[in-house]
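In our numbering, the protein residues as written are 48 to 180.
Below is one structure; the comments refer to it alone.
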């Protein structure tokens, strides 16, 4: 019985670490999708006077970083112009798996845990008051 436990315990830990990280990643993705849409609606659809797209991207990125409050999550936001004056905002969240939330260890018993990423894109018409187009 002891030998079976010694053999099976590392495997059980690896499976548990993968399951916990998968559930954490799914939670981060769900929150990220909602927060990204809210941040774009708040910061980009009606920019302040003199605010360009790059400043909108940095504001969105700052809001997303503040919303995550996790050390193992990085956010990157970019924008590109699409047809008829619309702007497409793209954001990617990168999730680095942890060992049950403790240390940012990229390996569990020699098995490397890859960085997971999730992307979201939304196209908006950035309203500029007083500008005729």
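For every residue, glycine included, the Cβ atom is placed at its ideal position computed from N, Cα and C.
Computed from a prediction, not measured in an experiment: that's the story for all the values here.
Which same chain residues end up closer than 7 Å to residue i when comparing Cβ atoms and leaving out the 5 residues on each side of it in sequence?
{"i": "residue 93", "result": "174"}
Thinking C-beta only, is residue j closer than 9 Å to residue i?
{"i": "residue 128", "j": "residue 135", "result": "yes"}
{"i": "residue 170", "j": "residue 79", "result": "no"}
{"i": "residue 111", "j": "residue 95", "result": "no"}
{"i": "residue 73", "j": "residue 144", "result": "no"}
{"i": "residue 138", "j": "residue 100", "result": "no"}
{"i": "residue 120", "j": "residue 75", "result": "yes"}
{"i": "residue 106", "j": "residue 130", "result": "no"}
Within the same chain, show all residues whose beta-carbon is closer than 6 Å to that of residue i, passing over the 5 residues directly before and after it, in chain order.
{"i": "residue 114", "result": "82"}
{"i": "residue 163", "result": "72, 142"}
DSSP on residue i, reduced to helix/strand/coil?
{"i": "residue 181", "result": "As shown, the chain starts at 48 and ends at 180. That puts residue 181 outside it, with no answer to give."}
{"i": "residue 106", "result": "helix"}
{"i": "residue 143", "result": "coil"}
Compute the Euclidean distance between the alpha carbons of residue i and residue j, then round it to the nearest angstrom.
{"i": "residue 108", "j": "residue 123", "result": "6 Å"}
{"i": "residue 84", "j": "residue 49", "result": "52 Å"}
{"i": "residue 7", "j": "residue 77", "result": "The question about residue 7 has no answer here: the residues shown for the chain are numbered 48 through 180."}
Report all residues from its chain with a CB closer than 8 Å to the CB of residue i; omit the five preceding and five following residues, and keep chain order.
{"i": "residue 158", "result": "61"}
{"i": "residue 168", "result": "135, 136, 137, 138"}
Does the beta-carbon of residue i, which I'm using as the reference point, lie nearer than 8 Å to any heavy atom of the ligand COA?
{"i": "residue 64", "result": "Among the components of this structure there are no ligands whatsoever, and the ligand COA is therefore not found."}
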